[in-house]
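Working notes, beginning with the structure itself.
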Amino acid sequence: MAKTHGQSGNAQQRTPAYKAWVRMRDRCYNTKSWRYKYYGGKGVSISDEWQSFENFFRDMGQPAVGMSLDRINPHGNYEFLNCRWATLQQQAANKTNTLFLTIDGEKVPMMEASRKYEIKFQTLWARLKIYKWTDRQSVGLDPKPNRRQIKATQ
């Protein structure tokens with residue numbers, strides 16, 4: 002009998018790393034998966050090395066509690082140099098549609114800026130997209146624009 006890695010077994014025996022590997026493969030290769038269109042359907046693939054769970058596990062190990070598999074570059078493939086175990090908050094800030102602000106030279110996801118500067122996300126979005134405030138004005142670091150000046154220039 003062939004010896005395996007011992008992490009697959011029945012559903013109760015599957016480890017978090019093994020479940021992540023299976024879900025990654027499902028997203029990339031299973032055309033019937035509801036997530037396929039966002040991954041395999043957009044050309045996201047898995048490195049040849051990671052076709053084997055043993056190699057994936059050698060590179061990634063077991064995730065800490067609350068962590069899941071994340072691609073550092075959301076446009077890249079699943080491969081050792083582009084993957085990490087990340088929190089849900091890190092993953093939410095690392096999506097292809099994430100909006101960023103630049104504050105003092107640092108690129109900050111809008112959701113994170115909303116929390117950090119205690120401004121409702123919708124308010125921050127409106128200041129940037131509707132009212133065309135600068136990033137620093139939007140979070141309250143610079144004075145808000147004078148509305149009379151804005152109307153006079155339009």
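Numbering-wise (this note's numbering), the sequence shown opens with residue 2 and increments by one.
No residue lacks a Cβ here, since even glycine has one placed at the ideal position from N, Cα and C.
>> Beta-carbon within less than 8 Å of Asn31's beta-carbon, same chain only, minus the 5 sequence neighbours each way: which residues are those?
In response: Start at 1 with the first residue of the sequence shown, and residue 31 comes out as number 30. Correct list, in chain order: Tyr37 and Gly41.
> What are the start and end residues of each continuous alpha helix (DSSP H) run of 4 or more residues lying completely inside the segment 74-132, in chain order?
Replying inline: 89-93, 111-117 and 122-130
> Based on the DSSP output, what are the partners of Ser69 in its beta bridges?
Replying inline: Here residue 69 refers to the residue found at position 68 when the sequence shown is read from its first residue. Its beta-bridge partners are Ala87.
> Exposed or buried, which one is Ala18 when buried takes at least 16 other CB atoms within 10 Å?
Replying inline: In the sequence shown, the residue the question calls residue 18 occupies position 17. Buried is the call here.
>> Let's see if you can read the secondary structure: which residues bound the alpha helix (DSSP H) around Arg28?
In response: Numbered from 1 along the sequence shown, position 27 holds the residue referred to as residue 28. Unbroken alpha helix (DSSP H) run through Arg28: Pro17 to Tyr30.
>> I need the boundaries of the alpha helix (DSSP H) containing Glu55, first residue and last residue.
In response: Indexing the sequence shown from 1 puts residue 55 at position 54. Unbroken alpha helix (DSSP H) run through Glu55: Phe54 to Met61.
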